[in-house]
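Residue numbers (our numbering): 32 to 291.
1) Take residue 278 and list the residues in its own chain whose beta-carbon comes closer than 7 Å to its own, dropping the five residues that flank it on each side.
2) Kindly indicate which three-state DSSP category residue 189 falls into: helix, strand or coil?
3) So residue 182 packs on residue 203, CB below 8 Å; how close in whole Å?
4) So, helix, strand or coil for residue 215, using DSSP?
5) Among the residues of its own chain, which have a CB less than 8 Å from the CB of residue 248, if the five just before and after it don't count?
6) Excluding the 5 residues flanking residue 233 on each side, which residues of the same chain have their C-beta closer than 7 Å to its C-beta?
7) Is DSSP giving residue 243 helix, strand or coil here?
8) Which of the three DSSP states, helix, strand or coil, is assigned to residue 232?
9) Using 8 Å as the cut-off, can you tell me whether the segment 221-232 makes contact with the segment 130-149, which would need three or more C-beta pairs spanning the two stretches below that distance?
10) Taking all protein chains shown into account, decide if residue 213 is buried (16 or more other Cβ within 10 angstroms of its Cβ) or exposed.
11) Taking Cβ positions, are residue 180 and residue 188 nearer each other than 8 Å?
12) Between the Cα of residue 222 and those of 104, 195, 255, spot the shortest distance and give me the residue it belongs to.
13) Within a Cβ cutoff of 6 Å, which residues of the same chain sit near residue 158, ignoring the five residues on either side of it in sequence?
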């Protein structure tokens, strides 16, 4: 009986399994493989589209970076161009101002030259009067627009420098140089010369016409400058100095001695 029951149970199980198998076969039969292939193709197409879009996105991002870099470069170039333009405009304004100043200077240049010549003439005349000291005929100095000095006598006759005596030419040349130096010093510093250094002032003078003595005496009377130092080989010129320092060379050795 037990065996019969077991066989019957197995037979029932076989019937159930066969039923399930037939049901599964029927289900498989109803399944369309073309749908599976279509789904597979759609999946592949979707992946291809995804990769294509991803590639396009990376390309556009790279292009965006390039465009931003180029934009920064263009902006920098625009800034430089703007700076250059501002500098050019500033230079143009400066040139306009300089042109106006130049035109203004040209308009007043003759007046400035005339005033400068007048001041120079006054300086030279003052120096010459101090040098002469009232011991010689008065020499009136005239300086023209080319800064050339002339002398006018008390009678009003103009005399060229070439027609002056040696002593007069010496005094006039010294007064002209000193007056010009005084004028330059005044214009630059606001005060007169306090010291004057002369290097061989008698080099072109001769002792036969006493021009050295006259120049030395004139300088000794000149009080407008506090200290005058002269380097000279002329003993006659040195005799008029308050203090004399002698410099001699013996056996290749320089010796300094104070005369007075």
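Positions of the beta carbon are idealized from the N, C-alpha and C atoms, including for glycine. All values derive from a computational prediction rather than experimental measurement.
Inspection of the coordinates gives the following:
1) Hits under 7 Å: 285, 287.
2) Looking at residue 189 - three-state DSSP - the assignment turns out to be strand.
3) Residue 182 to residue 203, Cβ: 7 Å. Contact.
4) The DSSP-derived three-state label of residue 215 is helix.
5) Correct list, in chain order: 271.
6) Cβ within range, chain order: 243, 246, 263, 265, 268.
7) Residue 243 falls in the helix class under three-state DSSP.
8) DSSP places residue 232 in coil when its eight states are reduced to three.
9) No, because fewer than three Cβ pairs between the segment 221-232 and the segment 130-149 fall closer than 8 Å, the two stretches do not touch.
10) Taking a 10 Å sphere around the C-beta of residue 213, we find 16 or more other C-beta atoms and assign the residue as buried.
11) Their beta carbons are not under 8 Å apart, which means residue 180 does not touch residue 188 by this criterion.
12) Nearest Cα to residue 222 within the set 104, 195, 255: 255.
13) Same-chain partners within the cutoff: 206, 209, 210.
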